[in-house]
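Just so you know, we're using the working numbering here: the sequence shown kicks off at 9 and counts up by one.
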Amino acid sequence: MTRVIGLTGGIGTGKSTVARHWRTLGATVIDADAIVHELQAPGTPVLAAMVEAFGPGILGPDGALDRKGLGERVFSDDGARARLGAIIGPAILREMADRLEAARRHGERLVVLDIPLLLEGRGRGRAAPGAPPRSTADLVSEVVVVWAPEELQIERQQQRDGASRAHAEARVRAQMPIDQKRALADHVIDNSGPVEATLAQVEALHARLCAGDAD
9 MTRVIGLTGG IGTGKSTVAR HWRTLGATVI DADAIVHELQ APGTPVLAAM
59 VEAFGPGILG PDGALDRKGL GERVFSDDGA RARLGAIIGP AILREMADRL
109 EAARRHGERL VVLDIPLLLE GRGRGRAAPG APPRSTADLV SEVVVVWAPE
159 ELQIERQQQR DGASRAHAEA RVRAQMPIDQ KRALADHVID NSGPVEATLA
209 QVEALHARLC AGDAD
């Protein structure tokens, strides 16, 4: 039986570090962000729908999506974010469901779905048993949240991206608060300390999950 874990966190919490380490431990990791990049490649139906919704200005000179420009455009516009989500969301859900089914057929024991907005998707309500999934949250049985305090999220973003304090705060606070995500988690990886301590937590949780012990 395949155990399906949803991995999420927030900007600067270190979710990518945890996902990479889970791969080294042998878990199958399905990365929602990587799928988004594939779906938005030049010539894809998703990119064509985005151009129709937002205009050709979202494309760079080479015809590829200007991700930074689009991000700045939708960041403070709730309506634009909703339109973008309506285009991308169903396509991501279908692709992740297909890849998960392939992993199940292959007999994978543990599959980690790396989804930044996993818990936000739960706000739409869970699908009834046996019904098609309504969001990526319906694909997982347990949620792992990678946590770090908000102040550390802000500091890490400033160091990583060279962002101003105000910009980093705005990006962090545009997301669901990390403490709220922590309260909704089945398991928490505390990434507020040394990376070695974080990786040790991943290894311990991986061993428990593979042994069938989630207590």
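For glycine and all other residues, C-beta sits at the position ideal for the given N, C-alpha and C.
All figures in this text were calculated on a predicted structure; none of them were measured in a lab.
- DSSP, read as helix, strand or coil, puts threonine 32 in helix.
- According to the DSSP assignment, histidine 195 belongs to the beta strand (DSSP E) that extends over 195-198.
- Contact between tryptophan 30 and valine 120 is confirmed by a C-beta separation of about 5 Å, below the 8 Å threshold.
- The alpha-carbon of leucine 126 is positioned some 12 Å away from that of isoleucine 100.
- Burial check for histidine 214: the Cβ neighbour count within 10 Å reaches 16 or more, so the residue is buried.
- Within its own chain, the residues whose Cβ lies closer than 6 Å to the Cβ of arginine 91, once the five positions on either side in sequence are excluded, are Ala61, listed in chain order.
- 8 Å or more divides the Cβ of glutamine 183 from the Cβ of glycine 22.
- Going by C-alpha positions, glutamate 158 is about 12 Å away from alanine 178.
- Excluding its 5 nearest sequence neighbours in each direction, glycine 68 has C-beta neighbours in its own chain below 7 Å: Asp74, listed in chain order.
- Looking at the DSSP output, valine 152 sits in a beta bridge with Leu15 and His195.
- Contact between the stretch 108-123 and the stretch 201-219 is present, with at least three C-beta pairs closer than 8 Å.
- Exposed is the label assigned to serine 84, since fewer than 16 other Cβ atoms lie within 10 Å of its Cβ.
- DSSP places leucine 101 in the uninterrupted alpha helix (DSSP H) bounded by 86-113.
- Around the beta carbon of alanine 27, a 10 Å sphere encloses 16 or more other beta carbons of the protein chains shown; the residue is thus reported as buried.
- For leucine 192, the closest of Arg168, Val153, Glu163 and Val210 by C-alpha to C-alpha distance is Val153.
- Secondary structure of isoleucine 186 (DSSP, three-state): helix.
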